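Numbering (the numbering used here), first residue to last: 19 to 577. We put the CB at the ideal spot given by N, CA and C, even for glycine. Quantities reported herein were computed from a predicted structural model and do not represent experimental measurements. This report concerns only the one structure given below.
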Ligand code: PEP
Ligand code: MG
């Protein structure tokens with residue numbers, strides 16, 4: 019048996035023969051042309067055909083995996099027609115007199131390098147998208163057919179990396195799982211695999227060799243382990259795991275419309291994290307009770323300049339209306355650290371994660387903050403809005419932010435613009451300072467939402483972006499769990515609620531712990547709502563709470 023370790027990005031166990039993805043490669047010839055007009059027309063025709071193909075793919079994806087999957091191809095359509103992209107191709111053709119194939123290939127490289135060099139991991143992942151769009155246009159220009167699986171039986175599909183369009187075009191009935199050499203958890207292929215419910219493992223590097231093709235393989239998308247020619251014990255263990263997962267899947271479907279309540283009657287709210295209004299359908303399909311974190315900075319990241327008050331208002335209103343009266347908590351702009359935006363012109367810092375980010379920027383640029391707050395309060399008239407501030411460390415910051423809220427409300431009142439008086443104000447607890455000061459901070463706000471991604475980073479002094487830190491970045495660390503308990507206790511003493519909106523909220527190993535601590539709300543990716551609901555409904559806090567709290571106090575499980 020050979021064991022290979024990658025990163026599991028879509029849960030589930032896949033078993034079957036290994037098959038390497040056959041990618042039809044377009045052969046690009048490079049030459050200079052005399053008739054640049056004809057070459058430009060060739061590009062325009064290929065671009066139009068690509069946009070049509072992407073439209074068909076979007077419909078196919080919608081039918082198979084829902085609106086979120088379709089959105090990827092709609093985004094690719096926009097990329098194929100993007101003006102900057104088109105103008106770059108045009109310059110290569112008209113000024114450098116390159117043939118259309120070479121012009122598209124060079125534009126693809128230029129744009130992919132630009133995306134890859136950005137600090138933000140989301141934008142970095144867009145390099146794969148621009149390459150995918152260009153590959154499609156090149157395929158049309160050169161008359162090369164799409165790749166696929168030439169196997170009659172279902173397989174575990176291995177590839178260096180898979181583009182979203184390649185993933186969705188594959189015959190799902192033939193795929194038992196994906197294993198890729200490269201890729202990341204936030205790549206669109208990983209997102210699609212999760213949406214389609216197919217196990218996926220990325221980042222196995224060059225461990226998979228051509229000679230492994232056709233051999234029996236098991237891929238565990240939960241742990242990221244790949245077993246080639248597994249021994250009997252491993253096979254039996256994985257079969258059992260798969261059976262359990264299938265049983266759980268069937269059970270989960272029946273949980274839609276049910277309450278998030280433990281066996282002994284304790285309930286917890288399960289909300290969703292979103293980055294844009296387009297994510298709302300996934301919240302509704304998965305029966306999320308509300309939105310616990312709308313990362314508003316994605317509106318800024320998707321824009322080439324500061325989104326105006328009206329643009330922001332429309333986006334917030336759309337989410338509030340679509341959620342039909344369910345609670346929506348919008349976090350004010352959390353820019354800085356890993357999310358850099360050119361037009362913010364933030365000075366270069368040696369330590370951006372500890373620098374000018376999030377609420378610090380809002381308080382330093384009051385007009386920028388005021389614009390966002392005006393948009394938020396205007397939108398509050400259209401639903402059930404909560405506002406929260408990221409990266410708080412001190413009481414004075416919260417007071418200053420609240421003062422700005424009051425001034426914005428007064429302004430709107432004077433202007434006769436309606437807003438809701440019932441907007442709850444909360445803060446994210448994502449620094450040790452905020453956790454330690456949570457008794458004081460609780461007197462200032464209506465709720466706490468713990469950002470465990472950053473809380474872990476700052477508590478353990480471990481850069482969350484650095485994959486090499488591995489086990490050192492440990493959100494289960496007793497220091498993090500103790501802080502969460504302290505925050506929950508201080509919130510409840512002051513009569514406010516406490517939630518978790520970091521990735522840890524969806525970690526089923528800790529659901530009992532969160533219930534024991536008394537967490538009131540967990541905000542997770544839409545796909546995690548039902549597994550979490552199930553875990554809550556299986557828990558009896560009469561049995562587990564005292565034991566867990568004692569363990570937490572003694573740190574039995576980990577030191
Ligand atoms: C967090 O830090 O846990 C969080 C939810 O915020 P973000 O991941 O956007 O920094
Ligand atoms: Mg954070």
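| field | Alpha-carbon spacing of residue 519 relative to residue 196, whole angstroms | value | 29 angstroms
| said: By the three-class DSSP mapping on this structure, what secondary structure does residue 402 have? | reply: strand
| Per DSSP, residue 235 forms a beta bridge with which residues? | 34, 246
| task | Just list the beta strand (DSSP E) runs in the segment 257 to 329, keeping only unbroken ones of 3 residues or longer that don't cross its boundaries, in chain order. | result | 287 to 292, 309 to 313
| Secondary structure of residue 427, DSSP reduced to three states | In the structure shown, residue 427 sits in a helix (DSSP, three-state: H, G or I).
| query | Bridge partners of residue 176, per DSSP? | reply | 38, 197, per the DSSP bridge assignment.
| query | From which residue to which residue does the alpha helix (DSSP H) around residue 586 run? | reply | It is not possible to answer for residue 586, since the shown part of the chain is limited to 19 through 577.
| Leaving out the 5 sequence neighbours to the left and right, which residues in its chain are closer than 8 angstroms to residue 204 when beta-carbon positions are compared? | Reliability fails at residue 204, whose pLDDT of 47 lies under 50, so the model's placement of it is uncertain and no value is given.
| request: Could you pull out every unbroken beta strand (DSSP E) segment of at least 3 residues lying fully inside the segment 426 to 489, listed in chain order? | output: Entirely contained in the segment 426 to 489, the beta strand (DSSP E) runs reaching 3 residues are, in chain order, 442 to 447, 465 to 468.
| query | Per DSSP, what kind of secondary structure is residue 204 in: helix, strand or coil? | reply | With a pLDDT of 47 at residue 204, under the threshold of 50, the predicted position of this residue should be treated as unreliable, and no value is reported.
| query | In chain order, what residues of the same chain lie with their CB nearer than 7 angstroms to the CB of residue 108, ignoring the 5 residues before and after it? | reply | 58
| Is residue 343 buried or exposed, if buried means 16 or more other CB atoms sit within 10 Å of its CB? | exposed
| message | I'd like to confirm something about residue 539: is its beta-carbon nearer than 7 angstroms to some heavy atom of the ligand PEP, or not? | response | Remark: the shortest separation between the CB of residue 539 and any heavy atom of the ligand PEP does not fall under 7 angstroms.
| said: Given this structure, state the Cα-to-Cα distance separating residue 52 from residue 193, to the nearest angstrom. | reply: 47 angstroms
| Under 5 angstroms, CB to nearest heavy atom of the ligand MG: contacting residues | 448, 469, 472
| query | Beta carbon of residue 103, beta carbon of residue 231: below 8 angstroms? | reply | no
| How is residue 23 classed by DSSP in three states: helix, strand or coil? | strand
| request: Determine contact between the segment 230 to 250 and the segment 510 to 528, defined as no fewer than three beta-carbon pairs at a distance below 8 angstroms. | output: no
| Close-in-space but distant-in-sequence residues of the same chain around residue 371 (CB under 6 angstroms, 5 per side omitted) | 355
| field | Within 8 angstroms, strictly: CB atoms of residue 541 and residue 290 | value | yes
| Where residue 357 sits in the DSSP three-state scheme | strand
| Exposed unless 16 or more other CB atoms sit within 10 angstroms - verdict on residue 482 | buried
| Does at least one heavy atom of the ligand PEP sit under 7 angstroms from the Cβ of residue 311? | yes
| field | Cutoff 8 angstroms: residue 356 Cβ touching any chain D Cβ | value | The structure shown contains no chain D, having only a single protein chain.
| Within 8 angstroms, strictly: CB atoms of residue 121 and residue 133 | no
| Going along the chain, which residues of its own chain have a beta-carbon closer than 6 angstroms to the beta-carbon of residue 529, five neighbours each way excluded? | 553
| said: Give the list of continuous alpha helix (DSSP H) stretches no shorter than 4 residues that lie fully inside the segment 49 to 109. | reply: Within the segment 49 to 109, the alpha helix (DSSP H) runs of at least 4 residues that lie entirely inside it are, in chain order, 54 to 83, 85 to 98.
| query | Under the rule that 16 or more other beta-carbon atoms within 10 Å means buried, what is residue 459, buried or exposed? | reply | In summary, residue 459 is buried, with 16 or more beta-carbon neighbours lying within 10 Å of its beta-carbon over all protein chains present.
| request: Flag this pair as touching only if the segment 423 to 433 and the segment 318 to 338 have three or more C-beta atom pairs under 8 angstroms; answer yes or no. | output: No: fewer than three Cβ pairs fall under 8 angstroms.
| Under 8 angstroms between C-beta atoms of residue 399 and residue 436 | yes
| task | Let me know if residue 96 comes out buried or exposed under the rule of 16 or more other beta-carbons within 10 Å of its beta-carbon. | result | exposed
| task | Return yes when at least one heavy atom of the ligand HEM lies under 7 angstroms from the C-beta of residue 520, else no. | result | Among the ligands modelled here, namely the ligand PEP and the ligand MG, the ligand HEM does not occur.
| query | In the DSSP assignment, what residue or residues form a beta bridge with residue 218? | reply | 28, 196
| request: Could you tell me whether the segment 262 to 275 touches the segment 62 to 71, where touching means 3 or more Cβ pairs closer than 8 angstroms? | output: Pairwise C-beta distances place the segment 262 to 275 out of contact with the segment 62 to 71, as fewer than three of them are shorter than 8 angstroms.
| request: Have a look at residue 394 and residue 558 and give me their C-alpha separation to the nearest angstrom. | output: 39 angstroms
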